[in-house]
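Note sheet for the following structure.
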Amino acid sequence: MTNETAQYLKAITFCISWLADQASDEKWALSDEEVCQFLGGIPLSSWHEWKEVAKGKQQFELNQDVIDRLVLLLKIHESIAMSAPSGAIYDFFKRPISHPTFEGKSAKESLLLDNSMDNLNKIMLFFRSRIF
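So the sequence shown is numbered by full-length UniProt numbering: it starts at 1 and just counts up by one.
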């Protein structure tokens with residue numbers, strides 16, 4: 001295994017661990033079913049398996065669609081963290097937003113209603129635009 005491949009697999013493991021932590025009630029308050037929906041409708045059994053593998057720091061591969069979704073979720077989190085007032089990072093994901101992108105829904109609700117890559121990207125771009 002090349003060093004580049006090892007780094008790539010390590011990053012996937014990190015992203016799954018990050019999302020499992022991010023889904024907690026104290027943060028994004030996502031159920032396992034909602035996480036599966038965010039990741040493109042993966043089976044619940046896959047999510048449970050991935051969390052266990054990542055918890056053991058074992059490396060594994062995912063398909064490109066899931067990787068792309070993880071990257072966009074990370075970018076959404078990063079953008080919120082850079083633009084939210086101190087202490088409000090997690091509220092910004094869960095509170096209603098009066099902007100045409102969200103139609104009065106929260107980012108969380110919007111993603112649960114439409115988990116398409118286009119919507120993930122639109123939400124990421126909205127929060128990214130708030131940074132500057």
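Built from N, CA and C at the ideal position, the CB exists for glycine as well.
Inset, instruction - Return helix, strand or coil for GLN79, following the three-state DSSP convention. - result: The sequence given here places Ser at residue 79; Gln does not occur at that position. Per DSSP, reduced to three states, the secondary structure at SER79 is helical.
Inset, instruction - Run the CB neighbour count on HIS99, radius 10 Å, all protein chains shown included, and call it buried at 16 or more, exposed below. - result: Classification of HIS99: exposed, given that the 10 Å Cβ count is below 16.
Legend entry - GLU34 and LEU112 closer than 8 angstroms at C-beta: Yes, the Cβ-Cβ distance between GLU34 and LEU112 is below 8 angstroms.
Inset, instruction - Figure out for me which residue from LEU9, ARG95, MET124 and ASN3 has the closest Cα to the Cα of TRP50. - result: Measuring from the Cα of TRP50, the nearest candidate turns out to be LEU9.
Legend entry - Start and end residues, alpha helix (DSSP H) containing SER45: Start and end: 44 to 55.
Legend entry - SER83 to LEU62 span [Cα, whole Å]: C-alpha separation (whole angstroms): 30 angstroms.
Inset, instruction - Starting from ASP91, trace the alpha helix (DSSP H) both ways and give me its first and last residue. - result: Taken as a continuous stretch (DSSP letters only), the alpha helix (DSSP H) holding ASP91 covers 89 to 94.
Legend entry - Endpoints, the alpha helix (DSSP H) within which LYS27 is located: Note, LYS27: premise wrong, no alpha helix (DSSP H); not H, not E.
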